[in-house]
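Residue numbering for the sequence shown follows my numbering, beginning at 12 and increasing consecutively.
All C-beta atoms, glycine included, are put in the ideal place defined by N, C-alpha and C.
What you are looking at is a predicted structure, and each value in this text was computed from that prediction instead of being measured.
This report refers to the structure that appears directly beneath it.
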Amino acid sequence: MKHTAPPILLSMFLASLLFGLSAAPMSADEPAAKPIVDLPATDDGLPGAGPIRRYDWFKNLWTQKRTAWAKQVEKDQKSLVFLGDSITQGWGDDMGGSFPGVKVANRGISGDTTRGMLIRLKDDVLALNPTGVVLLMGTNDLEEKAEPETIAANVKLILAALKKHDAKLPVILCQVFPSSASKSRPADKIKQINDLYAAAVKGDP
Numbered sequence: 012m013k014h015t016a017p018p019i020l021l022s023m024f025l026a027s028l029l030f031g032l033s034a035a036p037m038s039a040d041e042p043a044a045k046p047i048v049d050l051p052a053t054d055d056g057l058p059g060a061g062p063i064r065r066y067d068w069f070k071n072l073w074t075q076k077r078t079a080w081a082k083q084v085e086k087d088q089k090s091l092v093f094l095g096d097s098i099t100q101g102w103g104d105d106m107g108g109s110f111p112g113v114k115v116a117n118r119g120i121s122g123d124t125t126r127g128m129l130i131r132l133k134d135d136v137l138a139l140n141p142t143g144v145v146l147l148m149g150t151n152d153l154e155e156k157a158e159p160e161t162i163a164a165n166v167k168l169i170l171a172a173l174k175k176h177d178a179k180l181p182v183i184l185c186q187v188f189p190s191s192a193s194k195s196r197p198a199d200k201i202k203q204i205n206d207l208y209a210a211a212v213k214g215d216p
C-alpha cells in the first residue's frame, strides 16, 4: 500500500492509518548478518544510480547514526519507520512526540540521498520488520545535480524492496518540499520529481 502525501497532512493521516494495523510478518528465523555501518568507499557494485555523498562530515554522521541503530534492531522491531534526510533526522528519535502511543523509529540521516537510503534500506528499515514506512527524500540529490528521472528510479527500487518484504506494508511517499534555485533546487525540478513520485504509486491503494 503506497500513498503520496503533502507533508502538512502527514501527521493526521498517519494517526488514522496506524491504529489497528496488524503486525507485519517476521522475516526468516535465520540469524541476520552483521550490518556494515561504514559508507562504502566507492560506488562499485552498489544498487541504484546517482550521487552518494562522501564528504568527511557526512561519512562520520553516517557511521555514527548507523552504528547506534545497529544496536537497537531488537528494541525497534515492529516500529513505524521514518526514512529520510535532515528534515527527518531533525524530528529526533521520537519524532517530537507527534505520535503518542505509536512505536516509531527515526532513520533520517542529514545530507543523505535516495541512493544512500537505498543502500541502507535493508539494515536500517527492513531489519525492523516495520508496521509502516514513511519516505521523505530527493532534495539532496538535486543539490548534487541528479536528474529527476534518476531520483525517481531510486525511489522505485526502494518501493519495490518494501513491497517484496511485505506486500501489505503501508508506505507513505512524501512529496519533495519547496526549496530554492540558489541551492540547486529549482521549483520546476521539484515539481517534476513530485510528478514522477505520483506516477510511481499510481494505482496503489
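Which residues DSSP lists as bridging residue 222, in chain order: Nothing can be reported for residue 222, as the shown portion of the chain is limited to 12 through 216.
According to DSSP, simplified to helix, strand and coil, what is residue 93? Three-state DSSP puts residue 93 in a strand.
State the CB to CB distance for the pair residue 87 and residue 116, rounded to an integer number of angstroms; the pair is presumed to be in contact (CB under 8 Å). 4 Å
Suppose the cutoff is 7 Å on Cβ atoms and the five residues either side in sequence are ignored; what does the same chain contact list for residue 52 look like? none
Would residue 61 and residue 131 be called neighbours here (beta carbons separated by less than 8 Å)? no
Have a look at the DSSP bridge pairing and note the partners of residue 118. 94
So, helix, strand or coil for residue 208, using DSSP? helix
Taking the C-alpha atoms as reference points, what is the distance between residue 47 and residue 205? In a straight line, the C-alpha of residue 47 is about 32 Å away from that of residue 205.
Suppose you measure from the CA of residue 207 to the CA of residue 91; what does that come to, to the nearest Å? 25 Å
CB contact check: residue 149 to chain B, cutoff 8 Å: The displayed structure is made up of one protein chain only, and chain B is not part of it.
What is the C-beta distance between residue 104 and residue 122, in whole angstroms, given that I count them as a contact (C-beta under 8 Å)? Between residue 122 and residue 104 the Cβ distance is about 18 Å, and since that is not below 8 Å, they are no contact.
Please tell me whether, using a cut-off of 7 Å, the distance from the CB of residue 147 to the nearest non-hydrogen atom of the ligand MN is below it. Annotation note on the ligand MN: not contained in the displayed structure, which lists no ligands.
Distance between residue 73 and residue 80 (C-alpha atoms, nearest Å): Taking C-alpha positions only, residue 80 is separated from residue 73 by approximately 11 Å.
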